[in-house]
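The sequence shown begins at 100 in the numbering used here and counts up one residue at a time.
The next block holds one structure in the form of structure tokens; read it before the comments.
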Amino acid sequence: MLGEIIIDELQVTTIIGCMDSERTTKQPLIISLAIQYDMQEAAKTDTIEKALNYAQLSEDIKTYVESSEHYILESLAQRIFDIVFNYPQALKASLFIYKPDAISYTKRVGLKLSQVRKPLISHDKSRSDQLIWND
């Protein structure tokens with residue numbers, strides 16, 4: 100049973116941006132995630148150990164973002180994906196990061212990215228004995 104966990108509008112503050120004024124004061128970000136995972140075992144056992152623990156994941160993301168500094172959203176997004184894929188249940192994630200105070204005459208600007216978990220190894224079909232470690 101494939102499904103998605105939704106974390107909608109996680110509110111954080113961090114140092115982000117390229118302008119001098121953005122490097123001295125934390126500013127708000129709004130982060131939303133949709134994380135795809137196989138929910139079969141969690142549903143069958145009714146235990147958090149088999150589920151993707153969205154409360155812990157939200158805390159992990161918030162803790163990282165609020166203690167980090169980045170120049171661009173793309174760099175921060177990659178670090179958030181790294182956190183998501185530290186959870187072995189996560190198969191695919193879509194991420195929205197909004198910077199509401201970036202441009203005064205807009206509601207907010209941001210980016211949307213998706214990433215799929217990379218397999219740990221792949222098999223070279225031309226040589227049956229060769230496994231390739233993916234980076």
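A virtual CB, placed ideally from N, CA and C, is assigned to each residue, including glycine.
From the options, residue whose alpha carbon lies closest to that of residue i
i    : options                   : result
C255 : Y204, E173 and K143       : The requested residue 255 does not occur in the structure, where the chain is confined to residues 100 to 234.
T113 : E168, P218 and I182       : E168
I105 : T123, V111 and Q135       : Q135
Q139 : L132, A133 and I147       : I147
S213 : T205, I196 and K125       : I196
R122 : Q110, I171, I182 and N185 : I171
A142 : V215, G102 and K217       : G102
K191 : Y204, P218, I160 and K206 : P218
F180 : E165, I160 and S166       : I160
K149 : P187, K211, V183 and L109 : P187
S166 : N152, Q177, D137 and K125 : K125
Q177 : D107, L210 and E108       : L210
For residue i, the residue or residues it bridges with in DSSP
i    : result
T113 : Q126
D137 : L101
L210 : I196
Proximity test, residue i beta-carbon vs the ligand ZN heavy atom, cut-off 7 Å
i    : result
N185 : In the structure on display, the ligand ZN does not appear, and there are no ligands present to speak of.
Short Cβ contact (8 Å threshold) for residue i with residue j
i    : j    : result
A154 : S193 : no
L175 : I115 : yes
Backbone CA spacing between residue i and residue j [nearest angstrom]
i    : j    : result
S120 : I202 : 13 Å
K198 : S131 : 12 Å
E158 : T144 : 24 Å
D200 : K206 : 8 Å
Q110 : Y204 : 21 Å
Y163 : D137 : 26 Å
V215 : N185 : 13 Å
M100 : E108 : 26 Å
N152 : P127 : 25 Å
Buried or exposed by the 16-neighbour rule on C-beta atoms within 10 Å, applied to residue i
i    : result
L156 : buried
V208 : exposed
V183 : buried
L230 : For L230, the pLDDT reaches just 47, beneath the cut-off of 50, and the residue's location in the model is therefore unreliable, leaving the point undetermined.
Below-8 Å beta-carbon distance, residue i vs any chain B residue
i    : result
K217 : Looking at the structure shown, chain B is missing, and only one protein chain is on hand.
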